[in-house]
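Chemist:
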Amino acid sequence: MISIIAAMSKNNVIGKGNTIPWHITEDYQRTKKLTMGHPIIMGRKNFESISSFKSFKGSDGKKLDKPKTLPGRTNIILSSNSDLETGEGQLANNIESALEIANNSPGSEEIFIFGGASLYNEFIDKADKLYLTVLDHEIEGDIFFPEINDSIWKIEKSQKFVTRVLECEIRYEFRIYVKVV
Ligand SMILES: NC(=O)c1ccc[n+]([C@@H]2O[C@H](COP(=O)([O-])OP(=O)(O)OC[C@H]3O[C@@H](n4cnc5c(N)ncnc54)[C@H](OP(=O)(O)O)[C@@H]3O)[C@@H](O)[C@H]2O)c1
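Heads up, the sequence shown is in this note's numbering, so the first residue is 37 and it goes up one at a time.
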C-alpha cells in the first residue's frame, strides 16, 4: 500500500523557502509514529531541507560527516543526480526504482510518500491513502499540496485538535482519506 503523508494550511501551502513555515510538535510526533518502521520516499529538495544537507550540521550546530536521515525507516531519496550524497539513505533516480527499494525494505506493507510537492503530485494517482494534517489558518508559502478530488477521495477519519504555538492558538484537523474508486 502507498500512503501520502503531509501537513498543509487552509490554502494548501506545504512549504516556503524549502522549509515548512510552522512547527506543531504533536503533528511531528504523529508523523514519526505513523512512519516508523516503514520506508519513506522523499524528493531531493525535501531531503536537503530535513537533512541539513547543505551545512551537514547537527542540531547542536556541530558539523556532521554526512547528511542526516530519519532513523528507524528506510529513507529513499529521489534525484536525477546519481552522485547525490545521501548518508544512510538510499538514492533512486526514478519512481520505479524508488518503489522497488521500498518494496524490498522492512515495513513495505505501507510505503510512505514523504513529500515535497513534486512527489505528492507524482504519487497522488498511485496512492491508496492520504494522512493529511490541515491547519485552520491561511499561511503564506510558495509550494502547495495538489487539489484533492472529492470523487476519488473520501474522508475515513477526522480528528480536530487545538494547540498553542508561542502565544497563538492553532486549530488543526487530522484527516485520513481513502480512495473510493
Ligand atoms: N508540509 C509538509 O507536509 C511537507 C512535507 C515535505 C516537504 N514539504 C516542503 O515541500 C517543499 C519541497 O517540495 P518540492 O516540490 O519543491 O521538492 P521535492 O519534491 O522535495 O524535491 C524535488 C526534487 O526531487 C527529485 N525528483 C522528483 N521526482 C523525481 C523523479 N521522478 N525522478 C528523479 N528525481 C525526482 C528532483 O531532484 P533533482 O533536481 O536532484 O533531480 C526534484 O528536483 C519544501 O518547502 C518542504 O519543506 C512540506
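For every residue, glycine included, the Cβ atom is placed at its ideal position computed from N, Cα and C.
Bear in mind the structure is a predicted one, so any value in this text is a computation, not a measurement.
Touching or not, the region 50 to 58 and the region 119 to 136, by the rule of three or more beta carbon pairs under 8 Å?
Modeler: No, because fewer than three Cβ pairs between the region 50 to 58 and the region 119 to 136 fall closer than 8 Å, the two stretches do not touch.
Chemist: Report whether the distance from the Cβ of I131 to the nearest heavy atom of ligand 1 is below 6 Å.
Modeler: I131: yes, Cβ under 6 Å from ligand 1.
Chemist: Helix, strand or coil, according to DSSP, for F180 in the structure here?
Modeler: F180 falls in the strand class under three-state DSSP.
Chemist: Sort out for me which residues DSSP pairs E205 with in a bridge.
Modeler: Answer by DSSP bridge pairing, in chain order: R200.
Chemist: With a threshold of 6 Å (Cβ to nearest heavy atom), would K69 be considered close to ligand 1?
Modeler: The answer is no for K69.
Chemist: F159 and S44 - do their beta-carbons sit closer together than 7 Å?
Modeler: Note on residue identity: the sequence assigns Met, not Ser, to residue 44. Not closer than 7 Å, so no.
Chemist: Apart from the five residues on each side of it in sequence, which residues of its chain come closer than 6 Å, Cβ to Cβ, to F210?
Modeler: The residues are T169 and Q195.
Chemist: Quick one: Cα of I40 to Cα of T71, how far?
Modeler: Each residue's Cα considered, the two are about 10 Å apart.
Chemist: Helix, strand or coil for S116? Go by DSSP, reduced to three states.
Modeler: Three-state DSSP puts S116 in coil, outside helix and strand.
Chemist: Between which two residues does the alpha helix (DSSP H) holding I86 run?
Modeler: Where I86 is concerned, the enclosing alpha helix (DSSP H) stretches over R80 to S87.
Chemist: If contact is defined by three or more beta carbon pairs under 8 Å, each pair taking one atom from either stretch, is the region 196 to 206 in contact with the region 67 to 86?
Modeler: These segments do not touch.
Chemist: Mind checking which residues open and close the beta strand (DSSP E) that includes S144?
Modeler: Run containing S144: none; DSSP gives neither H nor E here.
Chemist: Secondary structure at I131, three-state DSSP: helix, strand or coil?
Modeler: Three-state result, I131: helix.
Chemist: Sorted by chain position, which residues of the same chain lie with C-beta nearer than 8 Å to A138's C-beta, five sequence neighbours on each side aside?
Modeler: Excluding residues within five positions, the ones whose Cβ falls inside 8 Å are P75, I77, T110, I112, S144 and I147.
Chemist: Starting from the Cα of Y208, find the closest Cα among T199, V214 and G51 and give me that residue.
Modeler: Checked all of T199, V214 and G51; the closest Cα to Y208 is T199.
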